[in-house]
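For the sequence shown, position 227 (counting from the first letter as 1) is numbered 227 according to the UniProt record's numbering, and the numbering increases by one without interruption.
The beta-carbon is built from N, C-alpha and C at its ideal position, and this holds for glycine as well.
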Amino acid sequence: MAVGTVLVTGGTGYIGSFTTLALLDNGYDVVIVDNLYNSSKVAIDRIELISGKRPAFYEIDITNEAALDGVLDKHPEIDSVIHFAALKAVGESGLIPLEYYRVNVGGSIALLRSMQKHSISNIVFSSSATVYGDATRVPNMIPIPEHCPIGPTNTYGQTKVMIETVITEYLEAERRNNKKAGKPYEQFNGALLRYFNPCGAHPSGVMGEDPQGVPFNLLPLLGKVATGERAKLTVFGDDYASKDGTAIRDYIHVLDLASGHLAALNYLREHKPGVRAWNLGSGRGSTVFEMIKAFSKVVGRDLPYEVAERRQGDVLDLTANPARANEELKWKTQLTLEDACADLWRWVENNPTGYRQDPPAELLEALKAKKA
Ligand SMILES: O=c1ccn([C@@H]2O[C@H](COP(=O)(O)OP(=O)(O)O[C@H]3O[C@H](CO)[C@H](O)[C@H](O)[C@H]3O)[C@@H](O)[C@H]2O)c(=O)[nH]1
Numbered sequence: 001m002a003v004g005t006v007l008v009t010g011g012t013g014y015i016g017s018f019t020t021l022a023l024l025d026n027g028y029d030v031v032i033v034d035n036l037y038n039s040s041k042v043a044i045d046r047i048e049l050i051s052g053k054r055p056a057f058y059e060i061d062i063t064n065e066a067a068l069d070g071v072l073d074k075h076p077e078i079d080s081v082i083h084f085a086a087l088k089a090v091g092e093s094g095l096i097p098l099e100y101y102r103v104n105v106g107g108s109i110a111l112l113r114s115m116q117k118h119s120i121s122n123i124v125f126s127s128s129a130t131v132y133g134d135a136t137r138v139p140n141m142i143p144i145p146e147h148c149p150i151g152p153t154n155t156y157g158q159t160k161v162m163i164e165t166v167i168t169e170y171l172e173a174e175r176r177n178n179k180k181a182g183k184p185y186e187q188f189n190g191a192l193l194r195y196f197n198p199c200g201a202h203p204s205g206v207m208g209e210d211p212q213g214v215p216f217n218l219l220p221l222l223g224k225v226a227t228g229e230r231a232k233l234t235v236f237g238d239d240y241a242s243k244d245g246t247a248i249r250d251y252i253h254v255l256d257l258a259s260g261h262l263a264a265l266n267y268l269r270e271h272k273p274g275v276r277a278w279n280l281g282s283g284r285g286s287t288v289f290e291m292i293k294a295f296s297k298v299v300g301r302d303l304p305y306e307v308a309e310r311r312q313g314d315v316l317d318l319t320a321n322p323a324r325a326n327e328e329l330k331w332k333t334q335l336t337l338e339d340a341c342a343d344l345w346r347w348v349e350n351n352p353t354g355y356r357q358d359p360p361a362e363l364l365e366a367l368k369a370k371k372a
């Protein structure tokens, strides 16, 4: 029998698909809802290829409360939710803020309302380190602990803060109201997972990030330079107060990030802590130049770049203090930057069009041999 059944919203996306894989590999059953806006259904085939298990899937928009109700009616076995479904492009969020609030905040409210109607009371939420904004504005806050003051610098980050607030106030009210009425209340629990910079792919080379449009994150762009799809990388600013002038981020392998979700879910179920935020990062900062060097090394040649102006809204340093997750969730990153670069390159080199083509036969053979 399954350990439990989890509704994963946005489960065909990059982090959602890897978390689904981690859940299936650890005895959970999974039901995915996703509108495929920035993802592909093929991710489900790859999850099955690797895990031997297929999650249930419903093509549903997170803002459609009636449709969510329908899925929860059909799956009374669902006892927890991991919520990824959202729009996530920082630049775009400033251009169409209403759409970001409608989908991200409105979608989360629809989900919580549907959960409430179906007495599902555990939620793990995909938040972001972007809620901290420029942590260098506060003395002694790098590496960033969870008590660092919140201060997002863009609309996308603002939606994450608002969703954290909605989840917190909702769950705390449920606990309070039920306690007052003499009813059980400890079942209402929430994890706010603030991720730093997710990267990497599955080591098999058959599963990775497959954004539908033009990527805007550093590592996917470096991948495109390596395959020749882009002539060079543009480095956004070399006049930051870092050792080489480029900005510092805490890059975390997507497999580690996925296991962080599993650890948080297990913690909620076991310890019933109410609502709690955890940073998911490695605690190690790397500059843009260090990333170019690390990725060039796995590709086997120097990747071309040019330095341009800083990108608007970028901050000097987003490095996690992951001590709380290390201690409470008994979770810490296991994989290195070199692992992430090697796995990303294997994915990109073998699947230049992402999920739009089958992976090479030799990768499938290797996967089969490994499973046998
Ligand atoms: O072409 C590029 C792309 C990025 N960078 C630099 O590389 C670093 C990382 O940039 P990413 O766009 O990969 O990541 P961000 O730190 O900007 O973004 C992360 O934080 C964001 C909020 O700040 C969102 O949460 C986003 O999903 C998450 O990946 C930054 O210093 C950026 O300036 C470049 O130099 N050139």
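Check: residue i C-beta below 7 Å from any heavy atom of ligand 1
{"i": "Asn104", "result": "no"}
{"i": "residue 376", "result": "Nothing about residue 376 can be read from this structure; the chain reaches only from 1 to 372."}
{"i": "Asn38", "result": "no"}
{"i": "Thr130", "result": "yes"}
{"i": "Leu257", "result": "no"}
{"i": "Asn197", "result": "yes"}
{"i": "Val31", "result": "no"}
{"i": "Asp314", "result": "yes"}
{"i": "Arg194", "result": "no"}
{"i": "Arg284", "result": "no"}
{"i": "Val254", "result": "no"}
{"i": "Leu280", "result": "no"}
{"i": "Phe236", "result": "yes"}
{"i": "Ala247", "result": "yes"}
{"i": "Arg176", "result": "no"}
{"i": "Val275", "result": "no"}
{"i": "Leu218", "result": "yes"}
{"i": "Lys180", "result": "no"}
{"i": "Lys243", "result": "no"}
Nearest-angstrom Cα separation, counted from residue j out to residue i
{"i": "Leu363", "j": "Trp345", "result": "14 Å"}
{"i": "Ala110", "j": "Ser242", "result": "43 Å"}
{"i": "Val235", "j": "Gly223", "result": "14 Å"}
{"i": "Asp25", "j": "Gly52", "result": "9 Å"}
{"i": "Arg276", "j": "Thr5", "result": "22 Å"}
{"i": "Pro203", "j": "Asp343", "result": "5 Å"}
{"i": "Gly350", "j": "Glu229", "result": "A small correction: the amino acid at residue 350 is Asn; Gly does not occupy that position in the sequence shown. Using only the alpha carbons, I get a separation of about 14 Å."}
{"i": "Asn64", "j": "Val103", "result": "10 Å"}
{"i": "Ile78", "j": "Thr9", "result": "13 Å"}
{"i": "Gly182", "j": "Ala191", "result": "25 Å"}
{"i": "Asp34", "j": "Leu87", "result": "12 Å"}
{"i": "Thr136", "j": "Gly27", "result": "41 Å"}
{"i": "Asp134", "j": "Thr353", "result": "35 Å"}
{"i": "His271", "j": "Leu23", "result": "19 Å"}
{"i": "Ile252", "j": "Cys199", "result": "6 Å"}
{"i": "Lys370", "j": "Pro97", "result": "46 Å"}
{"i": "Met1", "j": "Lys160", "result": "35 Å"}
{"i": "Ala320", "j": "Thr333", "result": "12 Å"}
{"i": "Leu257", "j": "Ala340", "result": "12 Å"}
{"i": "Ile150", "j": "Gly313", "result": "15 Å"}
{"i": "Glu186", "j": "Ser108", "result": "22 Å"}
{"i": "Ser128", "j": "Gly157", "result": "7 Å"}
{"i": "Phe18", "j": "Leu255", "result": "7 Å"}
Identity of the residues DSSP links to residue i by a beta bridge
{"i": "Ile163", "result": "Looking at the DSSP assignment, Ile163 forms no beta bridge with any residue, so it has no partner."}
{"i": "Phe236", "result": "Ala308"}
{"i": "Gly190", "result": "Ile123, Val275"}
{"i": "Asp317", "result": "Ile248"}
{"i": "Asp34", "result": "Glu59"}
{"i": "Val81", "result": "Leu7, Ile123"}
{"i": "Tyr14", "result": "Tyr14 is not bridged to any residue."}
{"i": "Cys199", "result": "His253"}
{"i": "Leu280", "result": "Tyr195"}
{"i": "Ser128", "result": "Tyr195"}
Contacts around residue i, its chain only, beta-carbon distance under 6 Å, and the 5 residues preceding and following it disregarded
{"i": "Pro322", "result": "Asn279, Gly281, Gly283"}
{"i": "Pro55", "result": "Thr20, Val30, Ile32"}
{"i": "residue 378", "result": "Because the chain in this structure spans residues 1 to 372, residue 378 falls outside the shown range and cannot be described."}
{"i": "residue 374", "result": "It is not possible to answer for residue 374, since the shown part of the chain is limited to 1 through 372."}
{"i": "Glu174", "result": "Phe188"}
{"i": "Leu7", "result": "Val31, Ile78, Val81"}
{"i": "Pro360", "result": "Asn350"}
{"i": "Asp238", "result": "Gly245, Thr246, Val307"}
Beta-carbon proximity list for residue i, same chain, < 7 Å, skipping 5 on both sides
{"i": "residue 398", "result": "Since the first residue shown for the chain is 1 and the last is 372, residue 398 is missing from the structure and cannot be characterised."}
{"i": "Lys232", "result": "Val225, Pro304, Tyr305, Glu306"}
{"i": "Leu36", "result": "Thr12, Glu59"}
{"i": "Leu218", "result": "Val288, Met291"}
Close Cβ partners of residue i (< 8 Å) along its chain, the five nearest in sequence each way excluded
{"i": "Val115", "result": "Note on residue identity: the sequence assigns Met, not Val, to residue 115. So the list reads Leu72, Val81, Ser121, Ile123, once near-sequence residues are dropped."}
When the Cβ atoms of the stretch 43-51 are set against those of the stretch 283-290, are three or more pairs found closer than 8 Å?
Taking 8 Å as the limit for Cβ pairs, the verdict is that the stretch 283-290 does not touch the stretch 43-51.
Quick test of the definition: if touching needs 3 or more C-beta pairs under 8 Å, does the stretch 65-78 touch the stretch 34-45?
With a cut-off of 8 Å, the stretch 34-45 and the stretch 65-78 do not count as touching, because too few Cβ pairs lie within range.
At least three beta-carbon pairs within less than 8 Å, the stretch 134-154 to the stretch 205-214:
Taking 8 Å as the limit for Cβ pairs, the verdict is that the stretch 205-214 does not touch the stretch 134-154.
Any contact of the stretch 194-202 with the stretch 294-311, i.e. 3+ C-beta pairs under 8 Å?
Because the criterion of three Cβ pairs below 8 Å is not met, the stretch 194-202 and the stretch 294-311 do not touch.
Can you find at least 3 beta carbon pairs, one from the stretch 294-304 and one from the stretch 116-127, that sit closer than 8 Å?
Short answer: they don't touch.
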